[in-house]
């Protein structure tokens, strides 16, 4: 069983010392001897599958060894001392980290669990390979979820969609993110998943013929200008199609870009040259061009994105990137241990700015549940890119304000913020920022954060710094807590469509003393409905009570904080 794994490692790293992998496999084989999974398979098949997933991400031997051993402490009773004596401190710490992550319930609202999660988030800062292994572990568990009870399938799928898939996204691990989302979708909404899969399958032949023709024409045009490129059709994943249908109230027949075209070239210069060829040949759709090469995402993702009107007037999405950009896009943070024997490269720090920010914020947050909720919010935030007058780029969440920007620049700039200019024009401090805005902060001589700021800031960092400053002022702590009542939270609810279900949901929310400031209902084909709510909550505990109340309504089967 180990031979295929070792052969795979040698294929991407011929110089790898695979003895540590073989040793870990034999140790795990002995530790799990006689143990079975719910499927009836030997337990060893699980850690081996996790290691194989990581080998597909071309991980180093130490990471693969830790993956093979990741359950020996929790499930086989192996002591820390024993593990250290055989494999050393580095692998032992990684195994301990994965074990502790496995013991946490990310759905639980208990203070103890939130505090444990905060501690583990700090531990992950010591070695990010822990979360890489955990994501691979979760992926294999999702692949074999059919052996669990229906209730456990729903719970695990919700946990995967709320925490693990967004975390894979934040870490740039797209390959894992897409599969995690599709698997969670298949178990949480099986009817919708199967219906969508059938429709995609029925139209596949015609769609593939169209894309093949488009790629052939594109390749000929690119070759004509002297550029060598790899061109692939990339089918969109089921969950992304489903989200587009629900978000935009579209029927399946109204979605044309089910397949994107990916073009891989050697240099950045060639990326822009190919973009020029595409736009000269086909009309680009307004507002659909994004330059993630000039302004990379916070997880390091780089590509040019555009959508053009192809043959027969059909829109075609195109992604253009270099080979190195493609490697980072596929592997994300895991790419930094590829071929490195456990040593990271020099670009890792800048690509993990978000992770460091979360570590900084957790140290300032006294309430572990506040940290947990801030993490869940920041995991799923869409980004905008804004500039200082000197041209420095900052990434912020969608609808972030000048106050968020000020605190991102520096704590003192935030504390002394008196006003702001966006693109040379004075704007209110709650003005939502957009891609490409040039933001200038007007500061005073003294610190002067306002209670009102808590009602509109969007970043956890700004919120923490404002609250901490205000609580240090005399007699203001109670007013800080009161200010939390204006915090808006967006919730998505999926339910079976029946008479009165919307009324029942609003009744349950009303019972928590919560105001609903906006609501949108979309009825999907079949027997389901999709509800998007914006509610005004005081804090993370209040939000948790609202979500719990909604989940108590008969026929509601999905509630997530967007």
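In the working numbering, the protein residues as written are 1 to 562. For each residue, glycine too, the CB sits at the ideal point set by N, CA and C.
Can you give me the C-alpha to C-alpha distance between residue i and residue j, rounded to a whole angstrom?
i, j, result
"residue 523", "residue 531", "9 Å"
"residue 56", "residue 452", "49 Å"
"residue 11", "residue 76", "32 Å"
"residue 326", "residue 264", "7 Å"
"residue 563", "residue 533", "Outside the modelled stretch of the chain, which goes from 1 to 562, sits residue 563, for which no answer is possible."
"residue 338", "residue 59", "Low local confidence applies: a pLDDT of 49 at residue 338 is under 50, so the model's placement there is unreliable, and no value is given."
"residue 1", "residue 19", "15 Å"
"residue 555", "residue 542", "23 Å"
"residue 185", "residue 157", "7 Å"
"residue 144", "residue 177", "17 Å"
"residue 257", "residue 409", "38 Å"
"residue 22", "residue 70", "15 Å"
"residue 461", "residue 553", "34 Å"
"residue 238", "residue 215", "22 Å"
"residue 493", "residue 241", "18 Å"
"residue 116", "residue 330", "With a pLDDT of 48 at residue 116, under the threshold of 50, the modelled position of that residue is not reliable, and the figure given next carries that caveat. Computed Cα separation, rounded: 30 Å."
"residue 222", "residue 280", "12 Å"
"residue 488", "residue 537", "6 Å"
"residue 377", "residue 561", "Interpretation of residue 377 is limited by its pLDDT of 49, a score under 50 that renders its predicted location unreliable; the figure taken from the coordinates is listed afterwards. Distance between the alpha carbons of residue 377 and residue 561: 8 Å."
"residue 16", "residue 490", "48 Å"
"residue 78", "residue 49", "21 Å"
"residue 47", "residue 99", "13 Å"
"residue 274", "residue 226", "10 Å"
"residue 28", "residue 94", "15 Å"
"residue 170", "residue 473", "36 Å"
"residue 501", "residue 212", "46 Å"
What does a CB cutoff of less than 6 Å around residue i pick up in its chain, not counting 5 residues either side in sequence?
i, result
"residue 351", "Annotation note: pLDDT 48 at residue 351 (below 50); position unreliable, no value reported."
"residue 514", "535, 546"
"residue 419", "442"
"residue 342", "For residue 342, the predicted structure reports a pLDDT of 43, less than 50, and the residue's modelled location is therefore unreliable. The matter cannot be settled from this model."
"residue 230", "264"
"residue 161", "184"
"residue 109", "Any reading at residue 109 must be qualified, since the residue scores a pLDDT of 44, below 50, and its modelled position is unreliable; the value itself is stated next. Cβ neighbours of residue 109 beyond the five flanking positions: 544."
"residue 232", "262"
"residue 141", "none"
"residue 310", "214, 282, 316"
Hey, could you find the ends of the beta strand (DSSP E) residue i is sitting in?
i, result
"residue 517", "515 to 523"
"residue 396", "393 to 397"
"residue 531", "528 to 537"
"residue 508", "First-last for residue 508: 501 to 510, but that is the alpha helix (DSSP H), not the beta strand (DSSP E)."
"residue 33", "Segment: none, residue 33 is in no beta strand (DSSP E) and carries neither H nor E."
"residue 557", "556 to 561"
"residue 441", "439 to 443"
"residue 305", "304 to 309"
"residue 422", "417 to 422"
Determine the contact status of residue i and residue j, defining contact as a CB-CB distance below 8 Å.
i, j, result
"residue 276", "residue 173", "no"
"residue 87", "residue 31", "no"
"residue 423", "residue 404", "no"
"residue 322", "residue 266", "yes"
"residue 433", "residue 386", "yes"
"residue 318", "residue 308", "yes"
"residue 394", "residue 430", "no"
"residue 133", "residue 54", "yes"
"residue 90", "residue 73", "no"
"residue 168", "residue 128", "no"
"residue 67", "residue 5", "no"
"residue 459", "residue 397", "yes"
"residue 558", "residue 188", "yes"
Ordered along the chain, which non-local residues of its own chain (more than five positions away) have a Cβ less than 8 Å from that of residue i?
i, result
"residue 549", "508, 509, 511, 512"
"residue 148", "38, 156"
"residue 415", "447, 448, 449, 465, 469"
"residue 207", "258, 259"
"residue 92", "80, 83, 84"
Tell me which same chain residues have a C-beta within less than 7 Å of the C-beta of residue i, skipping the five on either side of it?
i, result
"residue 179", "139"
"residue 8", "55"
"residue 291", "304"
Looking at the secondary structure, which residues open and close the alpha helix (DSSP H) in which residue i lies?
i, result
"residue 325", "323 to 331"
"residue 427", "Residue 427 -> not in any alpha helix (DSSP H); beta strand (DSSP E) instead, spanning 425 to 427."
"residue 294", "From DSSP, residue 294 is part of no alpha helix (DSSP H); its letter is neither H nor E."
"residue 269", "268 to 281"
"residue 142", "129 to 143"
"residue 78", "No alpha helix (DSSP H) holds residue 78; DSSP gives it neither H nor E."
"residue 11", "2 to 12"
Does any residue of chain B have a CB that is nearer than 8 Å to the CB of residue i?
i, result
"residue 174", "Here chain B cannot be found, since the structure has a single protein chain."
Run the proximity test for residue i: is its beta-carbon closer than 7 Å to any non-hydrogen atom belonging to the ligand MG?
i, result
"residue 296", "With respect to small molecules bound, the structure shown includes none, and the ligand MG cannot be examined in it."
#### Entry: Completely contained alpha helix (DSSP H) runs for the region 152 to 191, where each covers 4 or more residues
165 to 170, 174 to 188
### Query
What runs of the beta strand (DSSP E), each 3 residues or longer, lie entirely inside the region 185 to 261?
230 to 235
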